[in-house]
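Down below is the structure, laid out as structure tokens.
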Amino acid sequence: MRAINSLDLERLAHCIAEDGIESVEDAVGSVVWRARVAGVCGPAVDVLGDTSQPDVVRQRAFGLIAGRLA
15 MRAINSLDLE
25 RLAHCIAEDG
35 IESVEDAVGS
45 VVWRARVAGV
55 CGPAVDVLGD
65 TSQPDVVRQR
75 AFGLIAGRLA
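In the numbering used here, the protein residues as written are 15 to 84.
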């Protein structure tokens with residue numbers, strides 16, 4: 015698996031904004047995994063990975079995690 019960079023995260027953010035977070039679940043799962051590997055912890059990682067959470071909450075969690083990974 016290749017490293018994730020800020021351009022990847024920006025593209026994913028645009029996809030989430032345009033098509034919804036459910037349209038990119040595989041990529042979101044990769045972000046969750048990479049965040050955990052990178053030592054990013056806290057409720058935002060758990061929320062992003064939890065498909066039962068409301069989309070808007072997961073989108074905010076993505077923003078927090080993307081900021082930490084970028």
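Using N, Cα and C, we set each Cβ at its ideal position, and we do this for glycine too. All values reported here derive from a predicted model rather than from experimental measurement.
Classify residue 62: buried if its beta carbon has 16 or more other beta carbons within 10 angstroms, exposed otherwise.
buried
Let me know the secondary structure DSSP gives residue 58 once reduced to three states.
helix
Under the three-state reduction of DSSP, which class applies to residue 31: helix, strand or coil?
helix
Are there 16 or more other CB atoms within 10 angstroms of the CB of residue 21, so buried, or fewer, so exposed?
exposed
Using 10 angstroms around the beta-carbon of residue 25, count the other beta-carbons present and answer buried if the total reaches 16, otherwise exposed.
exposed
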